[in-house]
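Participant: Could you have a look at this structure, given as structure tokens, before my questions?
The structure is reproduced here in structure tokens:
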């Protein structure tokens, strides 16, 4: 989760799901960004070619071992801007008709900010836990503080913060002062864009190695 766009949340969410599959966990990935979904881009799949089975609801297609649901499965990649009540209805319907089966983890990529989708998550999903993603810019610090306050006010457990595209630990002190885990920094990699959509290439990046290590750490110190 992040309070602003452009921090790399979608990439980290998708790699987290892929990493969990590599570690033999049954994993689902739900792209909750109904306006600009892009997890399929990271996965390297064409949404117009994705199909799902209807068996006691919708059975998610399996992409690289991940059970995957996105609005793009229904729009076939076309834009489908939603707002207000229409957005809430689509979200509730997707949750109610999706047959995930038995999962160890469901990773949810949320849109930036704090909107109706986030409130719906809090209301509909039990045992919701979040990881905050931020960059080290001064503009991000206040937004991170606001997001921490929002999550705590709604009783949502924060598993930690990842500082993305950063060569140092600028946000570590903030985490210490607010009582949340600092999960580490991921340095900016100018060549990373070339690996997006190509899973084998993704696995060779420092981003993958860092996320994989964070997943290992969280599995040891939390109940996830």
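Residue numbers (full-length UniProt numbering): 1 to 224. By construction, the Cβ of each residue, glycine as well, lies at the ideal position given by its N, Cα and C atoms. As the structure is a prediction and not an experimental result, all values here were calculated from the model.
Just list the beta strand (DSSP E) runs in the region 89-152, keeping only unbroken ones of 3 residues or longer that don't cross its boundaries, in chain order.
Facilitator: Within the region 89-152, the complete beta strand (DSSP E) runs of at least 3 residues are 105-109, 129-134.
Participant: The alpha helix (DSSP H) spanning residue 12 covers which residue range?
Facilitator: Unbroken alpha helix (DSSP H) run through residue 12: 9-22.
Participant: Whose C-beta lies closer than 6 Å to the C-beta of residue 13 among residues of the same chain, with five residues either side of it excluded?
Facilitator: Closer than 6 Å at the Cβ level, and outside the excluded window around residue 13, lie 107, 109.
Participant: Strictly by DSSP, which residues pair up with residue 59?
Facilitator: DSSP, once it has assigned bridges, lists 53 as partnering residue 59.
Participant: According to DSSP, residue 163 sits in a beta bridge with which residue or residues?
Facilitator: Residue 163 pairs with 134, 185.
Participant: Thinking C-alpha only, which one of 128, 206, 21, 73 is nearest residue 48?
Facilitator: Nearest C-alpha to residue 48: 73.
Participant: Whether or not the region 197-215 and the region 16-34 are in contact is what I'm after, with contact meaning three or more pairs of Cβ atoms, one per stretch, closer than 8 Å; do they touch?
Facilitator: A contact exists between the region 16-34 and the region 197-215.
Participant: Below 8 Å between beta carbons: does that hold for residue 70 and residue 39?
Facilitator: For residue 70 and residue 39, yes; Cβs fall inside 8 Å.
Participant: For the beta strand (DSSP E) containing residue 66, name the first residue and the last one.
Facilitator: Run containing residue 66: 66-70, per the beta strand (DSSP E) assignment.
Participant: In whole angstroms, give me the CA-to-CA distance for residue 46 and residue 180.
Facilitator: Distance between the alpha carbons of residue 46 and residue 180: 38 Å.
Participant: State the DSSP-derived secondary structure class of residue 171, mapped to helix, strand or coil.
Facilitator: In this structure, residue 171 counts as coil in the three-state DSSP scheme.
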